[in-house]
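For the sequence shown, this note's numbering gives the first residue as 13, with consecutive numbering after it. All C-beta atoms in this analysis are idealised placements derived from N, C-alpha and C, irrespective of residue type, glycine included. Step one of this worksheet: look at the structure below.
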Amino acid sequence: DANDPRVYLSKEKPRYYSVFKNYCKGTTTTKVFGDLICSNLRESILQSVYNKTAIDLAAQIRSDMPEFNGNRSNLEKHILTCLADEENFENYMEYIHHPRKHFEDFITEKVNKYITDNNTRVLKLFEGNLKDKEQRVINSVHIATGEVKKSRGGDADMWMRSFSSSIKYDLSFKEITFIDNREIRDFDFLQQVVGDGLTAVMSELDKSFNSVKDINMEKFRKKPDEILIEHLCQCCWVQCPFCKVICTNTMEGHDGDHSVPFHRVNGTSGESYR
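Written out as structure tokens, the structure is:
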């Protein structure tokens, strides 16, 4: 779809139409340009906030929950305790025969419960990252405006290059190229337009996080539980063919023999002999 002109034009149609309407109203090129920048920033800021919050939330969960603040062996102790409390034989058999799946499901379940039970703390992470991204955008706008005003040949293209360069490590920002920027000379006004538009965008985004129910889990590039799974489950999962105990090596595909702290008693894996 990325290389299909029809798909691209279909996605860009609302923006082109917005530009057309603004010009019909007599809006200046500077105002149109600034509004488009803010329109582009909205989705970039939202995605960046989700990405950063996932990392922060995973770190917070590791700190708060003893299940996740150690290695896989520590996690396994908590899983065994949970299995003993549940007294669910099917879950225990899944742990024996499909340990990796059971570990991953356990992590996902605990993370989802943590998010539900800690509504206020989770939302504060989102709010904090929103404010951080807003400040970084404001700083980049000031940098771009200052550089253009210092340059004798400064123009809108230079402003855009400077802004994009300043913000590239914080946001994935798509430069605007379909407007004739030669009319743009008042960069203080452009800074004001972007600042006002950014305030409106941030207010809208802030209101979209009133509850954890408003969090769109599909927006995370990597979900908090996936981050923890990657941290705790990237190790050897080879099992003893007799008792199904898991190798304790922390490297997947490691050299040398597998190792276990002990072997389970006969019959644990469900095998029988005559």
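Buried or exposed, going by whether 16 or more other CB atoms sit within 10 Å of the CB of residue i?
i, result
"residue 268", "exposed"
"residue 129", "exposed"
"residue 145", "buried"
"residue 168", "buried"
"residue 178", "buried"
"residue 172", "buried"
"residue 123", "buried"
"residue 53", "buried"
"residue 273", "exposed"
"residue 6", "Absent from the structure is residue 6, since the part of the chain shown begins at 13 and ends at 286."
"residue 85", "exposed"
"residue 244", "buried"
Are the CB atoms of residue i and residue j nearer to each other than 8 Å?
i, j, result
"residue 137", "residue 69", "yes"
"residue 8", "residue 116", "The chain is shown only over 13 to 286; residue 8 falls outside these bounds and no answer can be derived."
"residue 231", "residue 62", "yes"
"residue 83", "residue 74", "no"
"residue 155", "residue 210", "no"
"residue 219", "residue 66", "no"
"residue 203", "residue 153", "yes"
"residue 160", "residue 50", "no"
State the Cα-Cα distance for the pair residue i and residue j, rounded to the nearest angstrom.
i, j, result
"residue 275", "residue 255", "6 Å"
"residue 18", "residue 59", "25 Å"
"residue 38", "residue 134", "Caution is warranted here: a pLDDT of 47 is assigned to residue 38, below 50, making its placement in the model unreliable, and the coordinate value is therefore given only provisionally. Each residue's alpha carbon lies about 44 Å from the other."
"residue 253", "residue 98", "27 Å"
"residue 222", "residue 147", "21 Å"
"residue 88", "residue 258", "10 Å"
"residue 55", "residue 100", "44 Å"
"residue 42", "residue 193", "8 Å"
"residue 16", "residue 229", "28 Å"
"residue 217", "residue 265", "44 Å"
"residue 76", "residue 57", "28 Å"
"residue 236", "residue 224", "14 Å"
"residue 214", "residue 162", "30 Å"
"residue 260", "residue 103", "21 Å"
"residue 197", "residue 262", "60 Å"
"residue 170", "residue 176", "10 Å"
"residue 108", "residue 251", "9 Å"
Consult DSSP for residue i and reduce its assignment to one of helix, strand or coil.
i, result
"residue 49", "helix"
"residue 251", "strand"
"residue 57", "helix"
"residue 188", "coil"
"residue 150", "helix"
"residue 196", "coil"
"residue 227", "coil"
I think residue i touches residue j, with their Cβ atoms under 8 Å apart; what is that distance to the nearest whole Å?
i, j, result
"residue 106", "residue 114", "5 Å"
"residue 270", "residue 248", "7 Å"
"residue 227", "residue 48", "No, residue 227 and residue 48 are not in contact; Cβ-Cβ is about 28 Å, not under 8 Å."
"residue 200", "residue 132", "No, residue 200 and residue 132 are not in contact; Cβ-Cβ is about 40 Å, not under 8 Å."
Quick one: is residue i near chain C, going by C-beta distance under 8 Å?
i, result
"residue 232", "Protein chain content of the structure displayed is limited to a single chain, and chain C is not contained in it."
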